[in-house]
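Trainee:
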Amino acid sequence: AQTVTQSQPEMSVQEAETVTLSCTYDTSESNYYLFWYKQPPSRQMILVIRQEAYKQQNATENRFSVNFQKAAKSFSLKISDSQLGDTAMYFCAASSPQGAQKLVFGQGTRLTINP
Amino acid sequence: GAVVSQHPSWVICKSGTSVKIECRSLDFQATTMFWYRQFPKQSLMLMATSNEGSKATYEQGVEKDKFLINHASLTLSTLTVTSAHPEDSSFYICSASWASTAKNIQYFGAGTRLSVL
Chain A
1 AQTVTQSQPE
11 MSVQEAETVT
21 LSCTYDTSES
31 NYYLFWYKQP
41 PSRQMILVIR
51 QEAYKQQNAT
61 ENRFSVNFQK
71 AAKSFSLKIS
81 DSQLGDTAMY
91 FCAASSPQGA
101 QKLVFGQGTR
111 LTINP
Chain B
1 GAVVSQHPSW
11 VICKSGTSVK
21 IECRSLDFQA
31 TTMFWYRQFP
41 KQSLMLMATS
51 NEGSKATYEQ
61 GVEKDKFLIN
71 HASLTLSTLT
81 VTSAHPEDSS
91 FYICSASWAS
101 TAKNIQYFGA
111 GTRLSVL
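Order-wise, the sequence lines are chains A and B.
Quick note on my numbering: the first sequence kicks off at 1 and runs consecutively.
Quick note on my numbering: the second sequence kicks off at 1 and runs consecutively.
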């Protein structure tokens, strides 16, 4: 079974700063996928970024990038030039390409961007 | 990105009544749909996984007779909360995915807030 842990319940930074959200996971699978989802106050879950475990190169999406450390089972999210619209709950998640492809979510990190 | 529509966004009902929530994939055919429950300030808890044309697979501890899931087509899944009680009040979220190129990505509906009086 997979488990995902986010150890930072809340974080707060000033607009335009860079912030890094931590995530660790545990899995016995050799191949798997890792995700960061964002849930703003509207509560709509939005995919931020995705990483395939067999790819060594860290995924990037504009201001969002990940630091994927497979051996350490760590998958942190870096947000550069943070914007007020980045204020949201951020969930780290993992899934296996096998079977039902269920997502296992971490506890979430509440990120607040201050003006 | 793919669009998933969930309806209604908010429903209030009396204790003992049943409530149906719809989840539709608008621009793709969803081979698999998922139903989650989210309590305030908590993470998403998977309730069940459904594949078109077959019975849903429920997570441990989820009452299948209480939470009826139907996935009759590749674009529609429904969750019916039967004989709802105040403890069923929560935020319910659906998601949908498809095989092949989607690579495990789930696209989420906007959620339904259920309040049982």
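Cβ coordinates follow ideal geometry from the N, Cα and C atoms, glycine included.
Note that this is a predicted model, so its numbers are computed, not measured.
Can you grab the Cα-Cα spacing for the pair A/L3 / A/T60, in whole Å?
Mentor: The question names Leu, but residue 3 of chain A in the sequence shown is Thr. When rounded, the distance between both Cα atoms is 24 angstroms.
Trainee: Whose C-alpha, out of A/M89, A/I49 and A/L111, is nearest the C-alpha of A/F68?
Mentor: Selected option, being the one with the closest Cα: A/I49.
Trainee: Short of 6 angstroms in beta carbon distance, which residues of its chain neighbour B/N70, apart from the five on each side in sequence? Order them along the chain.
Mentor: For B/N70, the CB contacts under 6 angstroms within the same chain, skipping 5 residues up- and downstream, are T78 in chain order.
Trainee: Going by the beta-carbon positions, is the gap between B/V11 and B/T112 smaller than 8 angstroms?
Mentor: yes
Trainee: Who pairs with B/S15 in a beta bridge, going by DSSP?
Mentor: Answer by DSSP bridge pairing: none, since B/S15 is not bridged.
Trainee: By Cβ distance, which residues of its chain are closer than 6 angstroms to A/S96, with the 5 residues on each side in sequence left out?
Mentor: E29 and Y32
Trainee: Between the alpha carbons of B/L114 and B/K14, how many angstroms are there, rounded?
Mentor: 11 angstroms
Trainee: Using a beta-carbon distance below 8 angstroms, is B/G53 in contact with chain A?
Mentor: no
Trainee: Can you check DSSP and say which residues form a bridge with B/R37?
Mentor: The partner list for B/R37 (beta bridge, DSSP) reads B/M45 and B/Y92.
Trainee: Report the residue ranges of all alpha helix (DSSP H) runs contained in full by the segment 12 to 70 of chain A; include only those spanning at least 4 residues, in chain order.
Mentor: none
Trainee: If you compare alpha carbons, which of A/Q44, A/S76, A/G85 and A/Q101 is closest to A/Q6?
Mentor: A/S76
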